[in-house]
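K.L.:
The structure's right below; bear with me while I get my questions together.
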């Protein structure tokens, strides 16, 4: 597959799976304001997915649509980071997953604002505003709940311990990103990791949370190796179009 | 919509009551700080909170399909719709709070089963076509009831309804568009659409509440300008609007008694099964227990979150005090 297509799928699959997981909170969040916020973030993420898939589909030129990419690929063909497929264990996990994602997503989108690829640059310039808002919200909640009650700190620490190893998968790169960096499509990738480290160190410190030391990095999502939760997410998400493959919706 | 069988109480009219009634009759809006009879306040609290609870519980049957929406576009539209409903819940709780009750008190009433919400949300959403039928019929019925509420005598409720109505009419069109797409689709899709109409038609007619002759509280609510039309008037309007839409879609309304009446210029239609309606209201509908259990779980599981935020706020206050 062309590096540009692979990269767009890595981005779009990550926003789609997180959007799917975020949207599942609708009606089940701890307060009404969070129902609204999670729906809102889910909407932004699904909107971003559509844009990534459009670029992927056009570049690929095989006549596939964004919906084909979302609903008719298998687990091994999805290239999202493993972090976003981690389950909605509780709201602390959902918030921590969102925060770690945002801490990577913002510098990534900022870097892409200078992309030499016009459609990607347009996408990033639109999305970056949404992503800034997402991290403002998730950072604020991480600090307030980490430095909150004993119980809320314990919940947030447990979520951080569980999810921190998966953060590495967001930043995992290979020859795909290297090729795109050479072409000027993907500028400033080295800054993304540094920005992520600085953001998380400062915020988790304010939140009185401790980054786990023995967090062996889990990676593989970018090449289609997932955790056991992934198959269930796709089974649910794809069930209707796969049951009626000839239908339009 | 989403308010049914709202009790009004009854009391002797005093001088103040008469002045209040005159204000209503002159079309003067009542605001939060104005004097109002206790019955008026209580009726409004019941009605607005019931309406708010309906929006909150109403997230569940549609939320059931967000993760399974069959295209990215439909997923985004459905998610936006459910988000709007949560937003309506928020405006309505705020409107009710102006009458002297807190959101926490109202939530406790919902979770304990003391407060009611619309009977319609105790029916299950079983296929994707239900997302079409719910938008088209349930939001359609809700709009019928809510448009007149924009002129309700209580200012904060009336203003909340103006915002709510704009979004609801959008939802109704989106629901209809799902049905249109299904009806233009494969045989299986058409069958799915017809099945959804069959299941949602009667519960939608019940949303307007019992027949006028059995609606004990309507008269007082109408005198107070809280209610503008009777249940039967609104139900008739809904049927008259919806039947031609079903015909346009090529679907059959599941009522053998449905017939155009030249004389009245409307449709004659059959009687909903009111025993089913009262069972659902009592808590015996197909999903009452599941809905309340889901809301209770969300609330209980979220206690640590709300307590954590409160603890953080208290620490901040102590910091400021110490400085």
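Protein chains in written order, with the UniProt record's numbering: chain E, 1 to 249; chain R, 1 to 323.
Glycine is no exception: its CB is placed at the ideal position from the N, C-alpha and C atoms.
Fair warning: this is a prediction, and the values are worked out from it, not measured in the lab.
1. Given a cut-off of 8 Å on the beta-carbon distance, is the pair residue 269 of chain R and residue 251 of chain R in contact?
2. Can you confirm whether residue 30 of chain E, when its beta carbon is compared against all beta carbons of chain R, has any partner nearer than 8 Å?
3. According to DSSP, residue 260 of chain R sits in a beta bridge with which residue or residues?
4. In or out: residue 1 of chain E buried (at least 16 other Cβ within 10 Å) or exposed?
5. Determine which residues of the region 131 to 159 of chain E have a Cβ less than 7 Å from any Cβ of chain R, and write them out in chain order.
6. How far does the alpha helix (DSSP H) with residue 94 of chain R in it extend, from its first residue to its last?
7. Does any CB atom of chain E fall closer than 8 Å to the CB of residue 70 of chain R?
8. Check the Cβ of residue 59 of chain R against every Cβ in chain E and list those closer than 8 Å, keeping chain order.
9. State the CB to CB distance for the pair residue 17 of chain E and residue 88 of chain E, rounded to an integer number of angstroms; the pair is presumed to be in contact (CB under 8 Å).
10. Tell me which residues of the region 79 to 103 of chain E have at least one Cβ-Cβ distance to chain C shorter than 9 Å, keeping chain order.
11. Can you tell me where the alpha helix (DSSP H) with residue 309 of chain R in it begins and where it stops?
12. Is the CB of residue 82 of chain R under 8 Å away from at least one CB in chain E?
13. Hey, residue 39 of chain E and residue 24 of chain E: beta-carbon distance below 8 Å or not?
14. Could you tell me whether any Cβ in chain E is nearer than 8 Å to the Cβ of residue 241 of chain R?
15. So what does DSSP say about residue 154 of chain R, is it helix, strand or coil?
16. What is the C-beta distance between residue 86 of chain E and residue 166 of chain E, in whole angstroms, given that I count them as a contact (C-beta under 8 Å)?
17. According to DSSP, residue 281 of chain R sits in a beta bridge with which residue or residues?
18. To the nearest angstrom, report how far apart residue 37 of chain E and residue 249 of chain R are at their CA atoms.
19. Measure the alpha-carbon distance for residue 156 of chain R versus residue 302 of chain R and round it to whole angstroms.
20. Taking the straight line between their C-alpha atoms, what separation do you get for residue 220 of chain E and residue 172 of chain E?
21. So what does DSSP say about residue 226 of chain R, is it helix, strand or coil?
22. For residue 40 of chain R, count neighbouring C-beta atoms within 10 Å of its own C-beta (all shown protein chains included) and say buried if the count is 16 or more, exposed if not.
23. Are the beta-carbon atoms belonging to residue 174 of chain R and residue 135 of chain R less than 8 Å from one another?
24. How many whole angstroms separate the CB atoms of residue 206 of chain R and residue 272 of chain R, which I take to be in contact at a CB cut-off of 8 Å?
25. Quick one: using the 10 Å Cβ neighbour count with 16 as the cut-off for buried, is residue 77 of chain E buried or exposed?
26. My output table needs one value for residue 30 of chain R: the three-state DSSP class, helix, strand or coil.
27. Does the separation of the CB atoms of residue 92 of chain E and residue 159 of chain E fall below 8 Å?
28. State the DSSP-derived secondary structure class of residue 36 of chain R, mapped to helix, strand or coil.
29. Decide yes or no for the touch test of the region 98 to 107 of chain R against the region 57 to 72 of chain E: beta carbon pairs closer than 8 Å, at least 3 of them.
30. When the Cα atoms are used, what is the spatial distance from residue 111 of chain E to residue 204 of chain E?
31. Take the Cβ of residue 265 of chain R as the centre, count every other Cβ of all protein chains shown within 10 Å, and call the residue buried at 16 or more, exposed below.
32. If you pair each beta-carbon of the region 182 to 201 of chain R with each one of the region 12 to 20 of chain R, do three or more pairs fall below 8 Å?
33. Assign residue 216 of chain R to buried or exposed, taking buried as 16 or more other Cβ atoms, counted over all protein chains shown, within 10 Å of its Cβ.
34. Closest to residue 151 of chain R by CA distance: which of R:75, R:123, R:26 is it?
35. Please go through the same chain and pick out, in chain order, the residues whose beta-carbon is closer than 8 Å to the beta-carbon of residue 59 of chain E, but skip the five residues on each side of it.
36. How would you list, in chain order, the residues of chain R whose beta-carbon sits under 9 Å from the beta-carbon of residue 249 of chain E?
P.N.:
So, from the listed chains and residues:
1. With a cutoff of 8 Å on beta-carbon distance, residue 269 of chain R and residue 251 of chain R are scored as not near each other.
2. Residue-level contact by beta carbon holds for residue 30 of chain E and chain R, with a gap shorter than 8 Å.
3. R:267.
4. Residue 1 of chain E should be labelled exposed.
5. Against chain R - using a Cβ distance shorter than 7 Å - the residues of the region 131 to 159 of chain E are 144, 145, 147, 148, 149, 151, 152, 155.
6. It spans 72 to 97 - the alpha helix (DSSP H) in which residue 94 of chain R sits, taken as one unbroken run.
7. Contact of residue 70 of chain R with chain E is assigned, a C-beta pair being separated by under 8 Å.
8. What residue 59 of chain R touches in chain E: 26, 27, 35.
9. Between residue 88 of chain E and residue 17 of chain E the Cβ distance is about 12 Å, and since that is not below 8 Å, they are no contact.
10. Included in the structure are the protein chains E and R, with no chain C among them.
11. In this chain, the alpha helix (DSSP H) harbouring residue 309 of chain R covers 303 to 322.
12. Yes, residue 82 of chain R counts as interfacial toward chain E.
13. At a Cβ-Cβ threshold of 8 Å, residue 39 of chain E and residue 24 of chain E do not count as neighbours.
14. The beta carbon of residue 241 of chain R does not come within 8 Å of any beta carbon belonging to chain E, so the residue lies off that interface.
15. Of the three classes helix, strand and coil, the one that applies to residue 154 of chain R here is strand, per DSSP.
16. With a beta-carbon spacing of about 6 Å, residue 86 of chain E and residue 166 of chain E fall inside the 8 Å limit used to define contacts.
17. Residue 281 of chain R is not bridged to any residue.
18. Approximately 36 Å between the Cα atoms of the pair.
19. Distance between the alpha carbons of residue 156 of chain R and residue 302 of chain R is about 29 Å.
20. CA-to-CA, the gap between residue 220 of chain E and residue 172 of chain E works out to about 8 Å.
21. Here residue 226 of chain R sits in coil by DSSP.
22. It counts as buried.
23. Result yes, Cβ atoms of residue 174 of chain R and residue 135 of chain R sit closer than 8 Å.
24. The pair is a contact, with the Cβ atoms about 5 Å apart (cut-off 8 Å).
25. Exposed.
26. In the three-state reduction of the DSSP assignment, residue 30 of chain R falls in the strand class, which pools E and B.
27. Result yes, Cβ atoms of residue 92 of chain E and residue 159 of chain E sit closer than 8 Å.
28. Coil.
29. Contact annotation: the region 98 to 107 of chain R does not touch the region 57 to 72 of chain E, with fewer than three C-beta pairs closer than 8 Å.
30. Going from the Cα of residue 111 of chain E to the Cα of residue 204 of chain E covers about 23 Å.
31. Counting Cβ neighbours within 10 Å, residue 265 of chain R comes out exposed, since fewer than 16 surround it.
32. Segments in contact, no.
33. Residue 216 of chain R should be labelled exposed.
34. Measuring from the Cα of residue 151 of chain R, the nearest candidate turns out to be R:26.
35. The beta carbon of residue 59 of chain E sits closer than 8 Å to the beta carbons of 2, 4, 5, 8 from its chain, once the five residues preceding and following it are set aside; these are given in chain order.
36. From the beta-carbon of residue 249 of chain E, the residues of chain R found nearer than 9 Å are 69, 70, 71, 73, 74, 128, 178, 181, 182, 185, 189.
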